[in-house]
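Protein chains in written order, with the working numbering: chain A, 49 to 392; chain B, 49 to 392.
Every residue gets a Cβ at the ideal spot worked out from N, C-alpha and C, and that includes glycine.
It should be emphasised that the depicted structure is a prediction, and the values quoted were computed from it without experimental measurement.
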C-alpha cells in the first residue's frame with residue numbers, strides 16, 4: 049500500500065533536515081534568518097512585545113499513531129502552539145520544531161509529519177525558523193516552541209478577571225474528547241482485523257475536532273474589530289473546568305457558570321448517549337478543544353454576544369463565592385480541576 | 049542512601065510545576081511575564097535582534113543516567129543552549145523547559161534536575177519563563193528553547209568566512225569525548241558490583257568536560273573588548289571537523305588546518321593512549337566540546353592571538369581547495385563530517 053520508503057540512515061541527519069526544510073519561505077515580517085545556523089535571528093520592533101510558548105508531545109501519551117495520520121499530527125502539533133499565542137491576544141510568527149525519531153520511521157513518514165506542520169504554518173502565516181532532529185530509542189517525540197508578537201503591554205493574561213465580568217467561550221466543547229473516544233472504540237474493534245473499516249459516519253465532526261483542531265484567530269480578529277479587550281483569556285486545552293479555576297485562582301475571584309449555557313454540538317451529545325457517558329462532564333473536563341475562554345466587563349455584553357461563535361456562559365464573582373456550575377435544576381456543583389496522572 | 053522520595057502523583061502536574069518554579073526570579077532586562085500563562089511575555093527594545101535556539105535531549109540517546117547525576121544533566125541541558133546563543137555573538141536571556149517524565153522519577157529527582165537548570169541560569173543571567181511538563185512512557189525527555197539578544201544586524205553567522213581568514217578555536221578539544229569513554233568504561237567495569245568505586249583519579253578534567261561543560265561567554269566578551277568581529281562563528285558540538293565543513297559549505301570556501309595546532313589537553317592525550325584510540329580523530333570528531341570555532345580577517349592576527357584561550361589552527365581557502373588537515377609530516381587529509389546514525 050505504501051509508497052517508496054527511504055531509510056533515514058541513507059540521508060543522514062543533515063540530509064534529512066535539508067530535505068524537510070527545502071523551499072521553506074520566510075513570510076513573517078520579523079524573520080531575519082531562519083533554519084541553518086546556531087540560532088534563528090528575529091528583528092525587534094518598537095511597540096511590540098514578544099510571546100514565547102512551548103509544547104512537548106510524546107507518542108502514546110499525547111497521540112496514538114494507530115489512528116492519527118502523521119500529517120494531521122504535524123498540523124495539530126503546530127496549531128496547539130498558535131492557540132496559546134492567540135490566547136494572549138497575540139499573533140504567532142515563528143516556530144522551532146524538534147523531533148526525536150525512532151528507527152521504525154522512514155524519511156517519507158517524517159516528510160508527512162513535516163508537511164502537516166508546514167501546512168499549518170502556511171495557513172496561519174508562521175515561519176519555521178529552527179529545531180533539532182535526533183534519534184529516539186522509544187517513540188516519536190515532538191517539541192515545538194512558538195514565538196509571537198502582541199502590541200506592547202496589550203497581552204491578555206489569566207489574572208485580570210474582575211467581579212461581575214462575563215465569562216465567554218467560543219465554539220463548542222467536548223467534541224475533541226468524544227472524537228478520541230470514538231477513535232479508541234474503533235481501534236479496539238479493529239484489533240486483529242486486517243480489512244477493518246472504521247465507522248465514522250455521522251460523526252465526522254468529532255473526528256475532525258480531535259485530529260485537526262484549529263486555533264481561533266478569527267475570534268481574536270473579531271474581538272479587535274468590536275473594540276473588546278478581554279480582561280482575562282486562555283485557551284481551553286485541559287477542559288473548561290480546569291481552565292476556569294486557573295483564571296479564578298490567578299485573578300483572585302470565584303465564578304458561576306450555567307450548565308444550560310455550555311455550548312455542545314449535536315454530534316457530541318449523540319456520541320455521549322451512545323457511550324453512556326455524562327455529556328456535561330465531557331464538556332467540562334474533556335480537553336483538547338482549543339477554544340478560547342475569556343472574560344469581559346459587563347458593559348461589553350451587547351458587543352460580545354453579537355460576535356458569531358461566542359457564548360456567554362456565566363459571570364465572575366468574589367473569591368469567597370468559590371467556583372461552581374449552576375445545574376439545570378438550580379443546584380450548584382463545585383468545579384473541579386482534573387487530576388494529573390503521571391502515567392497519563 | 050536516598051533522601052525522602054515523593055511520588056509525582058501526590059503533587060499532580062500543577063503542584064509539581066509550583067514546586068519547581070517556587071521563588072523563580074526574573075532578572076533579564078526584558079522579561080515582562082514568566083511562568084504561569086499561555087505564553088511568556090518579553091519586551092522588545094530597539095537596536096536589538098532576538099535569537100532563538102532549541103535542543104532536544106533524550107535518555108539513552110544523549111545521556112545515560114547510570115553515570116550522569118540529574119543536577120549535572122540539568123546544568124548541561126541549559127548550558128548547551130546558551131552556547132548556541134553565544135556562538136551567534138549574542139547574550140542568552142530566557143529559556144523554556146519542557147520535561148517528559150517517566151514513572152520511575154520522583155519529585156526529588158525532578159527537583160535535582162531543575163536545580164541544575166536553575167544554577168546554570170543564575171550563573172549566566174538567564175530567566176526560566178515557561179515550559180511544559182508531561183508524563184513519558186519511555187525515558188526522560190528534556191527540551192529547552194533559549195531566547196537571546198544581539199545588537200541589531202550584528203549576529204555572527206556561519207556564512208561569512210572569506211578566503212585568507214584565520215580559523216580560531218577556543219579551549220581544547222576531545223576532552224568531553226574522552227570523558228564519555230572513561231565513564232562508559234567505568235560503567236562496564238561496575239556492572240553487577242554494588243560496592244564499585246569508579247576510578248577517575250588524574251582524569252577529573254575529562255569527567256568535568258563531559259558532565260559539566262561551560263559556554264564561552266568569556267571569549268565573546270574578550271572579542272568584544274579587543275574590537276574583533278568574527279566573520280563566521282559557531283560552537284563545536286558535533287566535532288571540529290563537522291563544524292568546519294558547515295562553515296566552509298555555507299561560506300562557499302575551503303580550509304586548511306594544521307594537526308599540530310589543534311589544542312588538546314594532556315589528560316585527553318593520556319586517556320587516548322590508555323584506550324588505544326587515535327588522539328587526533330577524537331579531537332576532530334569527538335563532539336560535545338562546546339568551544340567556539342570562528343574566523344577572523346588576517347589583519348586581526350595579533351589581536352586574536354593575544355586573547356587567552358584562543359588558538360589559530362589554520363586558514364580559509366577558496367572553495368576549490370576543499371577542506372583538509374595538514375598532518376605533522378606535511379600530508380593533507382580531507383576533513384570528513386561524522387555520519388548520523390538514526391540508532392545513535
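- Assignment of residue 334/A by DSSP, reduced to helix, strand and coil, places it in the coil class.
- A straight line joining the alpha-carbon of residue 64/B with that of residue 247/B spans about 37 Å.
- As for any beta strand (DSSP E) of minimum length 3 sitting wholly inside the region 165-212 of chain A, the runs are 175-183 and 189-199, ordered along the chain.
- Taken in chain order, the unbroken stretches of beta strand (DSSP E) that lie wholly in the region 251-311 of chain B and span 3 residues or more are 280-284 and 301-306.
- Non-local C-beta neighbours of residue 244/A in its own chain, meaning closer than 6 Å and more than five positions away in sequence, comprise 238, ordered along the chain.
- Secondary structure note for residue 148/B: its beta strand (DSSP E) is the uninterrupted segment 139-149.
- Close to residue 53/A, with beta-carbon spacing below 8 Å, lies no residue of chain B; the smallest spacing is near 13 Å.
- Taking the Cβ atoms as the reference, residue 102/A lies roughly 6 Å from residue 180/B, within the contact range of under 8 Å.
- DSSP, read as helix, strand or coil, puts residue 346/A in helix.
- For residue 109/A, a Cβ of chain B is located within less than 8 Å of the residue's own Cβ.
- As the crow flies, the alpha-carbon of residue 92/B is around 25 Å from that of residue 206/B.
- Contact between residue 339/A and residue 219/A is confirmed by a C-beta separation of about 4 Å, below the 8 Å threshold.
- For residue 258/A, no chain B residue has a Cβ inside 9 Å of its Cβ, as the nearest lies near 18 Å away.
- Two segments are said to touch when three or more pairs of C-beta atoms, one from each, lie closer than 8 Å; by this definition the region 148-159 of chain A touches the region 174-189 of chain A.
- Note on geometry: alpha-carbon atoms of residue 325/A and residue 106/B lie some 38 Å from one another.
- Counting along the chain, residue 131/A sits inside the alpha helix (DSSP H) bounded by residues 118-134.
- Residues of the same chain with a CB within less than 7 Å of the CB of residue 332/B, apart from the 5 flanking positions on each side, are 287, 288 and 289 in chain order.
- The region 109-127 of chain B and the region 53-70 of chain A do not touch, with fewer than three beta-carbon pairs separated by less than 8 Å.
- Chain A has a Cβ within less than 8 Å of the Cβ of residue 182/B.
- In its chain, beyond the 5 residues on either side, 274 and 276 have a beta carbon closer than 6 Å to the beta carbon of residue 351/B.
- Within the region 154-171 of chain B, no residue has its Cβ closer than 8 Å to any Cβ of chain A.
- For the C-beta of residue 185/A, the chain B residues within less than 9 Å are, from N- to C-terminus, 106, 107, 108, 109, 186, 187, 391 and 392.
- With a threshold of 16 other beta carbon atoms within 10 Å, residue 144/B meets it and is buried.
- At a cut-off of 8 Å, the C-beta of residue 372/B has no neighbouring C-beta in chain A.
- Inclusion of residue 378/A and residue 225/A in the CB contact set at 8 Å is not warranted, their separation being larger than that value.
- Note on geometry: alpha-carbon atoms of residue 367/B and residue 346/B lie some 18 Å from one another.
- At least one CB atom of chain A sits nearer than 8 Å to the CB of residue 136/B.
- Residue-level contact by beta carbon fails for residue 249/B and chain A, as no gap is shorter than 8 Å.
- The C-beta of residue 87/A comes closer than 8 Å to at least one C-beta of chain B.
- Interface flag for residue 146/A against chain B is set, since a Cβ pair is found closer than 8 Å.
- Annotation for residue 115/B: 231 and 235 place their beta carbon closer than 6 Å to its own, counting only its chain and skipping 5 residues before and after.
- By the beta-carbon neighbour count (other beta carbons within 10 angstroms, threshold 16), residue 311/B is buried.
- In the three-state DSSP reduction, residue 313/A falls in the coil class, being neither helix nor strand.
- Distance from the CA atom of residue 213/B to the CA atom of residue 337/B, rounded to whole angstroms, is 23 Å.
- For the C-beta of residue 133/A, the chain B residues within less than 8 Å are, from N- to C-terminus, 86 and 87.
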